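What follows is one structure encoded as structure tokens, with my remarks underneath.
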Amino acid sequence: MKAVLLEKPGELLLAEVATPSCPKGGVLLKVSCCAICGTDVKMFRRGHRDLKYPRVLGHEIAAEVVCSEHPDFKAGTRVQVYPGIACGVCPLCLQGRENLCGQVKIIGFNYDGGLAEYMALPPESLPGGLNIIPENVSDEEASLAEPLASCIHSQSACRVGDGDRVLVLGAGPLGLLQTMLARYNGAEQVLVAEILPERVCGAELACPDGVIDLGKTSLKQGVFEQTGGVGVDVILIASSGVEVGELPSVLSPGGRINFFSGLPKDRSGFTIDANSIHYQELILSGSYGSTAADNAEAVRLIGQGIIPVKRLISRVTGISYIEEAFLGVERLEGLKTVIKFYK
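Residue numbers (our numbering): 285 to 627.
So this is what it looks like as structure tokens:
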């Protein structure tokens, strides 16, 4: 089969490799689509502490079951893949927080991922690791369920709900998913802040109530102009280029900040006024990845047309153009790029 191997940081190889066999108690999948994530590009450039080379990347996956030794999934079933494989028995797993399991392994990191024609899923990833794709959802759309699931996890962590004024920092693919999801979760006003001109223009795809162009105004001025001086209830950090210390100044009392996007190691530390947290009862939360339940919910929202992910797909291309696709994502060309395995 054809597979994209990360041989070492900076070196992708499109190669012919052996097709995996169906694991005992598991399933063998024929990959239909795999969307490229910014994390994939980071690993391509810089590697990752959990990677063992060579590794097949890709964790935003839609596929078809071609061989199954698991009773819940029959050959021919179209499925979306939850990329986490946790122990299932620790306290965090039993609480439904398997993304925080100390033994969690991730497809595309610790296991070979979706940038290959076939992939094997071990029994420990089932049944929660696969979600049946509704008939009205394309494989391309289904591949965006995993990033949507991470947004669901984020907004659950900071309790986005009815009447909230929400500020999304960043108008990349995840920022726009956050924007659409916040509206579904009942937000009264959703604002997007972005500094890159092309993404300022593209933010309208998610239909926010306002877009703050940080190339033309400060965050504080933009937020207060849009909210009549009230500020926002929730800030979702969907960009790594954020000055965290200024964020409390645009929050209303009782406001929440969610660290949805990781910050660069050299800028992960920040100074924040602890008194503002104390006197305004501000809440800081983090969210990492998603759970199996989040992925199931993402597939449901896409299937019911609630989150129109199709509008975020800028490019669909074949595996032969993988390096060009990675470079395009790195250059921030468009929004989501999907690798399609044409039949």
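Don't be surprised by glycine CBs; every beta carbon is placed ideally from N, CA and C. Just so you know, these numbers come straight off a predicted model, no measurement behind them.
Within the same chain, and ignoring the five residues on either side of K292 in sequence, the residues whose Cβ sits closer than 6 Å to its Cβ are Y337.
Bounds of any alpha helix (DSSP H) do not take in N542; it lies within the beta strand (DSSP E) bounded by L535 to F543. Distance check between V288 and each of R339, L335 and V315 places R339 closest, using alpha-carbon atoms only. The C-beta distance from N469 to G494 rounds to 18 Å, too long to fall under 8 Å, and the pair is not in contact. C318: member of the beta strand (DSSP E) spanning V311 to A319, first to last residue. Annotated three-state conformation of A359 is coil, per DSSP. Within its own chain, the residues whose Cβ lies closer than 7 Å to the Cβ of S598, once the five positions on either side in sequence are excluded, are G618, L619, K620 and T621, listed in chain order. Beta-bridge annotation (DSSP): S569 is paired with N542. Under the criterion of beta carbons closer than 8 Å, G515 and V534 qualify as touching, at roughly 5 Å. Separation of P492 and L596 (C-alpha to C-alpha, rounded to the nearest whole angstrom) is 14 Å.
Note on geometry: alpha-carbon atoms of S571 and C317 lie some 26 Å from one another.
For K624, the number of other beta carbons within 10 angstroms of its own is at least 16, and it is reported as buried. Note on the region 446-523: whole beta strand (DSSP E) runs with a minimum of 3 residues are 449-453, 473-478, 494-497 and 516-521, in chain order.
Looking at the DSSP output, N415 shares a beta bridge with Q364. In this structure V363 is in contact with I416, their Cβ atoms being roughly 6 Å apart against a cut-off of 8 Å. Here R615 carries a coil assignment [DSSP, helix/strand/coil]. Around the beta carbon of R615, fewer than 16 other beta carbons lie within 10 angstroms, which makes this residue exposed. For the 8 Å CB-CB criterion, E419 and G447 do not form a contact. Looking at the DSSP output, L297 sits in a beta bridge with L289. Between P367 and I391, the C-beta spacing is below 8 Å. The straight-line gap separating the alpha-carbon atoms of L298 and R540 is approximately 44 Å. Annotated as distal: V613 and E424, with beta-carbon spacing of 8 Å or more.
Under the 10 Å beta carbon count, L378 is surrounded by fewer than 16 other beta carbons and is classified as exposed. Judged by DSSP secondary structure, I345 falls within the beta strand (DSSP E) whose first and last residues are E344 to S352. Taking all protein chains in view, the Cβ of I590 is surrounded by fewer than 16 other Cβ atoms within 10 Å, so the residue is classified as exposed.
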